[in-house]
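What follows is a single structure, written as structure tokens, with notes after it.
In the working numbering, the protein residues as written are 4 to 319.
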């Protein structure tokens with residue numbers, strides 16, 4: 004049984020002494036955290052497992068991301084970095100609800116609530132990974148009854164036809180086909196940049212994506228304009244259609260919109276706009292999901308921005 008003693012500073016020190024091992028001690032803000040660490044260390048020393056000191060958010064976070072697809076893992080790197088900066092060397096099994104509340108409060112002074120929410124959701128998954136894959140248990144689940152920051156309202160901004168045409172006129176020739184393809188197909192930035200010649204079936208007017216956000220391949224229906232774009236671009240390359248980095252696309256689109264004073268949009272707005280445009284044609288949910296690639300109808304609703312006036316032609 005670990006020895007817990009209160010220090011003059013008010014903190015608690017856990018001491019573990021076990022035959023055949025060097026004594027170990029560590030100081031914590033609460034007695035509960037000290038006891039949790041001591042019990043875990045004692046159990047691991049008895050079974051010759053490594054010290055829990057190495058089980059930090061960074062260590063286990065990196066291990067968790069390594070189990071994901073590379074493109075998916077990239078989206079979580081910055082979120083993990085924010086968590087690591089806060090939790091530092093704190094063993095993951097010592098994270099308590101008070102830590103989560105403190106993180107939520109301080110982090111929202113710097114970023115949006117939705118960003119903080121996404122970071123904490125990643126932490127929850129890392130803790131679950133530690134529990135299920137490495138048997139690292141928190142004495143109390145820190146996320147039990149924890150209230151995440153507000154997710155924020157879904158984006159309601161879509162581009163008008165006029166705004167889209169202005170963007171096409173202003174943007175560079177290299178970015179032109181990428182923007183146009185996003186508008187025509189609703190594909191994500193990463194999906195467009197992953198297109199290779201062998202994915203395109205011009206006869207059947209479809210494109211088969213092998214790398215998508217959810218990890219499943221999907222077939223994208225192609226409009227006549229999309230066919231024209233892909234045909235032209237295929238003649239200019241050997242295999243991969245677009246030799247452009249993701250951040251370059253984001254930056255170029257942002258700068259164009261700033262020059263044109265088109266506010267409240269980003270490259271992903273093109274996807275919202277495309278899905279909404281197709282939805283306004285009166286297609287059913289299954290048809291719309293086939294176009295967008297969404298598996299979850301609730302998520303699809305966040306991308307569809309339709310008003311009552313848009314469906315008047317369907318009620319007469």
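Note that CB positions come from ideal geometry on N, CA and C, so glycine has one too.
Using the Cα positions of residue i and residue j, report the straight-line distance between them to the nearest angstrom.
i           : j           : result
residue 108 : residue 282 : 39 angstroms
residue 253 : residue 69  : 26 angstroms
residue 201 : residue 96  : 48 angstroms
residue 52  : residue 116 : Interpretation of residue 52 is limited by its pLDDT of 45, a score under 50 that renders its predicted location unreliable; no figure is taken from the coordinates.
residue 6   : residue 296 : 56 angstroms
residue 318 : residue 248 : Reliability fails at residue 318, whose pLDDT of 47 lies under 50, so the model's placement of it is uncertain and the value that follows must be treated cautiously. For residue 318 and residue 248, the distance between alpha carbons rounds to 45 angstroms.
residue 174 : residue 232 : 16 angstroms
residue 131 : residue 4   : 26 angstroms
residue 26  : residue 75  : 42 angstroms
residue 2   : residue 226 : Any answer about residue 2 is impossible in this case: the structure gives the chain only from 4 up to 319.
residue 193 : residue 34  : 48 angstroms
residue 124 : residue 150 : 11 angstroms
residue 263 : residue 166 : 9 angstroms
residue 197 : residue 62  : 30 angstroms
residue 101 : residue 278 : 41 angstroms
residue 315 : residue 280 : The pLDDT assigned to residue 315 is 46, lower than 50, so where the model puts this residue is not dependable, and the model offers no usable value.
residue 77  : residue 83  : 10 angstroms
residue 257 : residue 138 : 45 angstroms
residue 13  : residue 46  : 26 angstroms
residue 1   : residue 195 : Shown here, the chain extends from 4 to 319; a query on residue 1 therefore has no answer.
residue 9   : residue 250 : 51 angstroms
residue 240 : residue 188 : 21 angstroms
residue 172 : residue 120 : 38 angstroms
residue 93  : residue 110 : 18 angstroms
residue 293 : residue 222 : 8 angstroms
residue 65  : residue 269 : 29 angstroms
residue 32  : residue 154 : 31 angstroms
residue 259 : residue 37  : 54 angstroms
residue 169 : residue 134 : 52 angstroms
residue 21  : residue 44  : 10 angstroms
residue 60  : residue 98  : 10 angstroms
Going by alpha carbons, who is nearest to residue i out of the options?
i           : options            : result
residue 161 : 4, 271, 26         : 271
residue 129 : 153, 6, 183, 87    : 87
residue 114 : 81, 98, 100        : 81
residue 89  : 79, 75, 126        : 126
residue 224 : 240, 206, 238, 235 : 206
residue 79  : 8, 241, 28, 122    : 122
residue 199 : 211, 189, 190, 299 : 211
residue 58  : 195, 164, 258, 136 : 136
residue 42  : 72, 277, 16, 168   : 16
residue 275 : 255, 190, 236      : 190
residue 273 : 219, 185, 98       : 185
residue 152 : 93, 103, 260       : 103
residue 244 : 203, 251, 73, 12   : 203
residue 40  : 65, 10, 141        : 141
residue 208 : 28, 229, 73, 246   : 229
residue 11  : 30, 18, 73         : 30
Could you spell out the range, first to last residue, of the alpha helix (DSSP H) harbouring residue i?
i           : result
residue 82  : 80-90
residue 15  : Here residue 15 belongs to no alpha helix (DSSP H); instead the beta strand (DSSP E) covers 15-19.
residue 230 : 227-237
residue 6   : It is not in any alpha helix (DSSP H) - residue 6 instead sits in the beta strand (DSSP E) that spans 6-9.
residue 61  : 60-68
residue 73  : 73-77
Between which two residues does the beta strand (DSSP E) harbouring residue i extend?
i           : result
residue 210 : 209-212
residue 224 : 221-224
residue 29  : 27-31
Review point. What are the start and end residues of each continuous alpha helix (DSSP H) run of 4 or more residues lying completely inside the stretch 247-288, in chain order?
Key: 249-262, 272-282
Point to revise | Complete runs of the alpha helix (DSSP H) confined to the stretch 111-147 [at least 4 residues] | key: 116-137
Check your understanding: What are the start and end residues of each continuous alpha helix (DSSP H) run of 4 or more residues lying completely inside the stretch 150-197, in chain order?
Key -> 164-173, 179-188, 192-196
Check your understanding: Counting pairs of beta carbons, one from the stretch 130-145 and one from the stretch 175-192, are three or more of them closer than 8 angstroms?
Key -> no
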